[in-house]
Amino acid sequence: GENVEQHPSTLSVQEGDSAVIKCTYSDSASNYFPWYKQELGKRPQLIIDIRSNVGEKKDQRIAVTLNKTAKHFSLHITETQPEDSAVYFCAATHPGQNFVFGPGTRLSVLP
Amino acid sequence: EAQVTQNPRYLITVTGKKLTVTCSQNMNHEYMSWYRQDPGLGLRQIYYSMNVEVTDKGDVPEGYKVSRKEKRNFPLILESPSPNQTSLYFCASSFSDTREQFFGPGTRLTVL
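Heads up: the sequence lines are chains G and D, in that order.
When we follow the numbering used here, the leftmost residue of the first sequence carries the number 9, and every step to the right adds one.
When we follow the numbering used here, the leftmost residue of the second sequence carries the number -18, and every step to the right adds one.
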């Protein structure tokens, strides 16, 4: 089955700097890669996703890149703000397969 | 308001006492799923359902049961809870298994 690794487990950045979180997956059949943000005490919410037919997707300060050959994908947050502080989870799946999340990255944006 | 609801939100129980956590969605989603969240382990899928009467095991199904008799409801059943099932549980729903999942508020379960 699918296995998703995520690094780093914790990340601290200064406000205004960029943050990058990387994930690797094991199942080459996986073709859907979402990123969820979970603020303290809240439920996870989707922030961006990418499918295997594209290499990059951007939404304002957030971007995701996918390298299918190397089986890894990354979340990039630019101009970080205090409200970006949260736990971020990557995931990988394909139709009919169970949904597998990475273990999470706790991002702290320091003022 | 479009939402996923779970009940109860908090539950403390004892080993072996059967319990059910309910999950309901009003978005006409076909896909529903249960996850447990434990520190350092992220979200792990317990069971999922692609449609009514169709359920499949996720990564950690042992000790759990589910049913999907109606499209909107997907209850999680612990027939004989044990302390290692103490966790935060989330229900989620989506139009499909490769679309955005909408999560419920979570159920914090403690098994003594």
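Virtual Cβ for every residue (Gly too), placed ideally from N, Cα, C.
For this session: For residue 25 (chain G), count neighbouring C-beta atoms within 10 Å of its own C-beta (all shown protein chains included) and say buried if the count is 16 or more, exposed if not.
Result: exposed
Exercise. Within this structure, are the beta carbons of residue 90 (chain D) and residue 4 (chain D) separated by less than 8 Å?
Worked result: no
Problem set entry | Any chain D beta carbon closer than 8 Å to residue 40 (chain G) | yes
For this session: Answer yes or no: do residue 40 (chain D) and residue 25 (chain D) have a C-beta to C-beta separation smaller than 8 Å?
Result: yes
For this session: Answer yes or no: does any C-beta atom of chain G fall closer than 8 Å to that of residue 62 (chain D)?
Result: Cβ-Cβ to chain G under 8 Å: no for residue 62 (chain D).
For this session: Run the CB neighbour count on residue 11 (chain G), radius 10 Å, all protein chains shown included, and call it buried at 16 or more, exposed below.
Result: exposed
For this session: Using a Cβ cut-off of 8 Å (strictly closer), state whether residue 16 (chain G) contacts chain D.
Result: no
For this session: Confirm, please, whether the CB-CB distance from residue 13 (chain G) to residue 31 (chain G) is below 8 Å.
Result: Between residue 31 (chain G) and residue 13 (chain G), the C-beta gap is smaller than 8 Å, which places the two residues in contact.
Exercise. Got a sec: is the Cβ-Cβ distance from residue 108 (chain G) to anything in chain D below 8 Å?
Worked result: yes
For this session: Using a threshold of 8 Å, state whether the C-beta atoms of residue 59 (chain D) and residue 87 (chain D) are closer than that.
Result: no
For this session: Look up residue 42 (chain G) in the DSSP assignment and give the residues it is bridged to.
Result: G:57
Exercise. Along the chain, where does the beta strand (DSSP E) that runs through residue 17 (chain D) open and close?
Worked result: Per DSSP, residue 17 (chain D) belongs to the beta strand (DSSP E) from 12 to 19.
Exercise. What is the DSSP secondary structure of residue 14 (chain G), counted as helix, strand or coil?
Worked result: strand
Exercise. Can you find a C-beta in chain D that's less than 8 Å from the C-beta of residue 118 (chain G)?
Worked result: no
Exercise. Do the segment 76 to 94 of chain G and the segment 28 to 42 of chain G meet, that is, are 3 or more Cβ pairs less than 8 Å apart?
Worked result: Yes: the two stretches touch, three or more of their Cβ pairs being nearer than 8 Å.
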